[in-house]
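2 protein chains.
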Amino acid sequence: MKMKRARIVDLLSTPDFNRKVCVKGWVRTRRGNKNISFIELNDGSTVHGIQIVVNVVKLGEDSLKSITTGACIAINGLLVKSKGEGQKVEIQADEIEIYGIADPSVYPLQKKWHSLEFLREIAYLRPRTNTFGCILRIRHHLAYAIHKYFNKQGFFYFHTPIITSSDAEGAGSMFQITDLDIANCPKTKDGEVDYTRDFFGCSTNLTVSGQLEGELGALALGGIYTFGPIFRAEKSNTPRHLAEFWMIEPEIAFYDINDNMDLAEDFLKYIISYAMKYCKDDIEFLNNTYNNELIEHLNFVLSNRFVRLAYSEGIRILEQSNEEFEFPIYWGIDLQSEHERYLVEKYFKCPVIMTNYPKDIKSFYMKQNDDGRTVRGMDVLFPRIGEIIGGSERESDHQKLLKRIKELNMSMDNLWWYLDTRRFGTAPHSGFGLGFERLVLFVTGMQNIRDVIPFPRTPKNAEF
Amino acid sequence: MKMKRARIVDLLSTPDFNRKVCVKGWVRTRRGNKNISFIELNDGSTVHGIQIVVNVVKLGEDSLKSITTGACIAINGLLVKSKGEGQKVEIQADEIEIYGIADPSVYPLQKKWHSLEFLREIAYLRPRTNTFGCILRIRHHLAYAIHKYFNKQGFFYFHTPIITSSDAEGAGSMFQITDLDIANCPKTKDGEVDYTRDFFGCSTNLTVSGQLEGELGALALGGIYTFGPIFRAEKSNTPRHLAEFWMIEPEIAFYDINDNMDLAEDFLKYIISYAMKYCKDDIEFLNNTYNNELIEHLNFVLSNRFVRLAYSEGIRILEQSNEEFEFPIYWGIDLQSEHERYLVEKYFKCPVIMTNYPKDIKSFYMKQNDDGRTVRGMDVLFPRIGEIIGGSERESDHQKLLKRIKELNMSMDNLWWYLDTRRFGTAPHSGFGLGFERLVLFVTGMQNIRDVIPFPRTPKNAEF
Chain A
1 MKMKRARIVD LLSTPDFNRK VCVKGWVRTR RGNKNISFIE LNDGSTVHGI
51 QIVVNVVKLG EDSLKSITTG ACIAINGLLV KSKGEGQKVE IQADEIEIYG
101 IADPSVYPLQ KKWHSLEFLR EIAYLRPRTN TFGCILRIRH HLAYAIHKYF
151 NKQGFFYFHT PIITSSDAEG AGSMFQITDL DIANCPKTKD GEVDYTRDFF
201 GCSTNLTVSG QLEGELGALA LGGIYTFGPI FRAEKSNTPR HLAEFWMIEP
251 EIAFYDINDN MDLAEDFLKY IISYAMKYCK DDIEFLNNTY NNELIEHLNF
301 VLSNRFVRLA YSEGIRILEQ SNEEFEFPIY WGIDLQSEHE RYLVEKYFKC
351 PVIMTNYPKD IKSFYMKQND DGRTVRGMDV LFPRIGEIIG GSERESDHQK
401 LLKRIKELNM SMDNLWWYLD TRRFGTAPHS GFGLGFERLV LFVTGMQNIR
451 DVIPFPRTPK NAEF
Chain B
1 MKMKRARIVD LLSTPDFNRK VCVKGWVRTR RGNKNISFIE LNDGSTVHGI
51 QIVVNVVKLG EDSLKSITTG ACIAINGLLV KSKGEGQKVE IQADEIEIYG
101 IADPSVYPLQ KKWHSLEFLR EIAYLRPRTN TFGCILRIRH HLAYAIHKYF
151 NKQGFFYFHT PIITSSDAEG AGSMFQITDL DIANCPKTKD GEVDYTRDFF
201 GCSTNLTVSG QLEGELGALA LGGIYTFGPI FRAEKSNTPR HLAEFWMIEP
251 EIAFYDINDN MDLAEDFLKY IISYAMKYCK DDIEFLNNTY NNELIEHLNF
301 VLSNRFVRLA YSEGIRILEQ SNEEFEFPIY WGIDLQSEHE RYLVEKYFKC
351 PVIMTNYPKD IKSFYMKQND DGRTVRGMDV LFPRIGEIIG GSERESDHQK
401 LLKRIKELNM SMDNLWWYLD TRRFGTAPHS GFGLGFERLV LFVTGMQNIR
451 DVIPFPRTPK NAEF
């Protein structure tokens, strides 16, 4: 078929009827009788299919036999206003070409309700469903909005390394990378693995955060952001954990904790409103199919100013509440999800940015307050999912940073370069991390993080 | 300093003089006498510094002592038209705050010429140099242009997995990933590594290409693209090889090889012209400092239509040329860089897209031509660097694909899901891969691929 293919999303919104068009896509359903057949065709450009009307007598019954759910076809026909209900336009087929059949006796995606659990097992096919089409389009638009936002701010996309010889947080389970034959590792005289013979000449891991390298970028280019894959070798089989996920980490020179909070709020509101504008149909589909509070939650974030709340004040509010919590409340605890949700959903009824955490529950690199016991960390707390962003102003004073590292008995052998940034032209700076899948969960309203990434990596699963 | 910080790139182009401004950045140089001091300040937003004029008597000589190359400072002052040559505006300082000193006796980046080799050793500091500032800003704008282009085409950013249990090309050196204790691996009764006890329950590697998973996306969403890190465990210590690099792989349903070639040409022209527009100063700096043919090369690509050239015709031209080549020419060879450059730089004098390669030098998944000996692969050949893009129309026929796999004695145990796309609703489709660093090399005019990524990973080097 030589006519230029039109995307269905464009045809559904065109005011320009009564013209010949060509569409190509996958059959969702076919129904009808011996005279007329209706095909719902989807090409992935939108959750909505376009209706193809086929004159069975004219095109021949035989040509329709293999047009079953999942088959791939091309249609030339006339685009007309639809007489039927439920759609605005339809195509009267002149010509049909079959690219690929999908034998109903073996094709797993038939026209019926498939559970999300079942679809997870056939992750290689699930992008062809309406649900995952919606999720993946939203995922795209969120990613695009993130680049657009930071580009507009004048921040530069900075590729921090995936393979690393240092551990960004002084903790965390990491995957090891090697090109040694692990069945038969070369050993040193002491019986240790001889890493001088490994590809990089040392032991290497998959990164758990790009922040420390990101700081190097910020202290040179002013403002940077990362957007790349991050890995955790935690054997947590939960709806909230992935071994491989994507993370966004802006880092900005000359930003203090207040600038950082303002940025986080503005950023989240921008990307969520972008998604609501450009993924309207997809969000509506998910709202109506899975989670009828979804749009409400999104508007909740957009229409409220995020409350700034010191940790100590948060503890006071929780202590004085009459709520029964599973975990006890006292100054020094790491807040649990139940506490965060109480503050956001019941007490303030708006997103909360909590700051000035006890230093003992936060990372070594956070800027120390003068009180000697708190640091300028910040967590952005959302309804339903709790923490969506974690960040801080960074300790820019070389001596204070060294002292804290000593207190924590950390080895900084592999991080001398990080400390050097505080020796050479140090500057106040801040940043935060946003787990991309956490964001996609929030904007799609899905419950399981394995449903918002194309090919989830979890314990015992690296398929496709 | 409570005044809002202005970015130097904005001040250098403002028509709005004689107002108080605040700038923050790193000192490139300071010179002057006992009455007046000139500081060149850079904040990473542009390659150009802004000149700060300091009345030494007014601000006190002592306050200036630690303002040496690399120090980080904040300035409040009056933005005025410059009387000096070489700059349009300058700032008359009212107030200076020192954020961080950079002791000249230890700070490695002094005001002198540093070789690229030396800067590679201090990769953690080199973003602070003019050269790497330019490269990294260009890198950002190219990445942004890529997202912008595909978004406009209606293609969706699709995250293919980094950790994989399959080898995309049936070849290639891969890094292994594990959370086993490799010094003491669990073994099966047969003495093999017991991968059932590894994190994913099987042997896993870092991906060498997202293409195969990308095809799953394209055959559901219509058009997708990937942009993520790719890994090769090849011990090649050359200016063209990295163990970790970034790759862009669009994959589009219903595109044939001609659509694919048109897309590749339009795409490359778009992103290169975007860079020339948004990175004008940076490209000029690199042109004038390292490679005075850079801008010429970029214009060469923009102003010429890319020639479409069948491999067989290319061989004929090479055979009939009077050029002396190191490697012999005959039908069936994989072209060498010298051949590609002859065709591009001497014969056609324009970029070339070569197609219809002998099947034996290309991958199993390329669409087979009717002649039984060629496939619909395509390489885009550029001046100076040779192949910048490699792609193909994919074999969409299940039987032909199976037959080819058998011919090649490939094991497809881990790729049943890939074959399934040809069983269920298969469609003609095409795609290509662009090595991002190869592109950045071309647009920056740099010679060594280690100089166009922030933290290069190469044999024996995973530092920072």
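Residue numbers (our numbering), protein chains in the order written: chain A, 1 to 464; chain B, 1 to 464. For each residue, glycine too, the CB sits at the ideal point set by N, CA and C.
From the options, residue whose alpha carbon lies closest to that of residue i
i: A/R137; options: A/R384, A/T46 and A/D370; result: A/T46
i: A/Q51; options: A/R30, A/K65 and A/T69; result: A/R30
i: A/L64; options: A/I96, A/S166 and A/G201; result: A/I96
i: A/R19; options: A/G77, A/N35 and A/P108; result: A/G77
i: A/F200; options: B/E244, B/I98 and B/V208; result: B/E244
i: A/L408; options: A/L109, A/Y365 and A/T421; result: A/Y365
Test item: CB-CB of residue i and residue j under 8 angstroms
i: B/G223; j: B/T160; result: no
i: B/V21; j: B/L59; result: no
i: B/V443; j: B/I272; result: yes
i: A/N287; j: A/L294; result: yes
i: B/V352; j: B/F285; result: no
i: B/K24; j: B/T69; result: no
i: B/W417; j: A/F464; result: yes
i: A/L415; j: A/L401; result: no
i: A/Y290; j: A/G445; result: yes
i: A/A93; j: A/V56; result: no
i: B/A218; j: B/E249; result: no
i: B/I257; j: B/T355; result: yes
i: A/A123; j: A/F455; result: yes
Cα-Cα separation between residue i and residue j, rounded to whole angstroms
i: A/D198; j: B/I177; result: 13 angstroms
i: A/L180; j: B/G372; result: 41 angstroms
i: A/D334; j: A/W246; result: 24 angstroms
i: A/D62; j: A/N33; result: 13 angstroms
i: B/T196; j: A/E117; result: 23 angstroms
i: A/T14; j: A/P127; result: 26 angstroms
i: B/G377; j: B/E323; result: 26 angstroms
i: A/L242; j: A/G435; result: 11 angstroms
i: A/V193; j: A/Y144; result: 43 angstroms
i: B/E393; j: B/M261; result: 10 angstroms
i: B/C185; j: B/K346; result: 56 angstroms
Proximity test, Cβ basis, 8 angstroms: residue i and chain B
i: A/E463; result: yes
i: A/D390; result: Before going on, a small fix: residue 390 of chain A reads as Gly here, not Asp. For A/G390, the answer is no, since every Cβ of chain B falls outside 8 angstroms of its Cβ.
i: A/Y270; result: no
i: A/F300; result: no
i: A/W331; result: no
i: A/L286; result: no
i: A/G201; result: yes
i: A/D334; result: no
i: A/L401; result: no
Where residue i meets chain B, residues with beta-carbon distance less than 7 angstroms
i: A/N151; result: Y144
C-beta neighbour in chain A for residue i, strict 8 angstroms
i: B/R457; result: yes
i: B/K460; result: yes
i: B/D43; result: yes
i: B/S165; result: yes
i: B/Q176; result: yes
i: B/L136; result: yes
i: B/L439; result: no
i: B/G467; result: A question about residue 467 of chain B goes unanswered here, because the residues of chain B that appear run from 1 up to 464.
i: B/R240; result: no
i: B/T204; result: yes
i: B/R450; result: no
Under 9 angstroms from the C-beta of residue i: neighbouring residues of chain B
i: A/H48; result: The premise fails here: A/H48 is roughly 14 angstroms from chain B at the closest Cβ pair, so nothing lies under 9 angstroms.
Interface residues of chain A facing residue i [CB-CB closer than 8 angstroms]
i: B/K24; result: A253, F254 and A427
i: B/V193; result: I182 and A183
i: B/F158; result: L136, H140 and P454
Neighbouring residues, chain A, relative to residue i (Cβ below 7 angstroms)
i: B/L216; result: Y124 and P127
Residues that residue i contacts on chain B, provided the C-beta gap is smaller than 8 angstroms
i: A/P161; result: E244, P454, F455, R457, A462 and F464
Interface residues of chain A facing residue i [CB-CB closer than 9 angstroms]
i: B/W113; result: In chain order: nothing, as chain A lies at least about 19 angstroms away.
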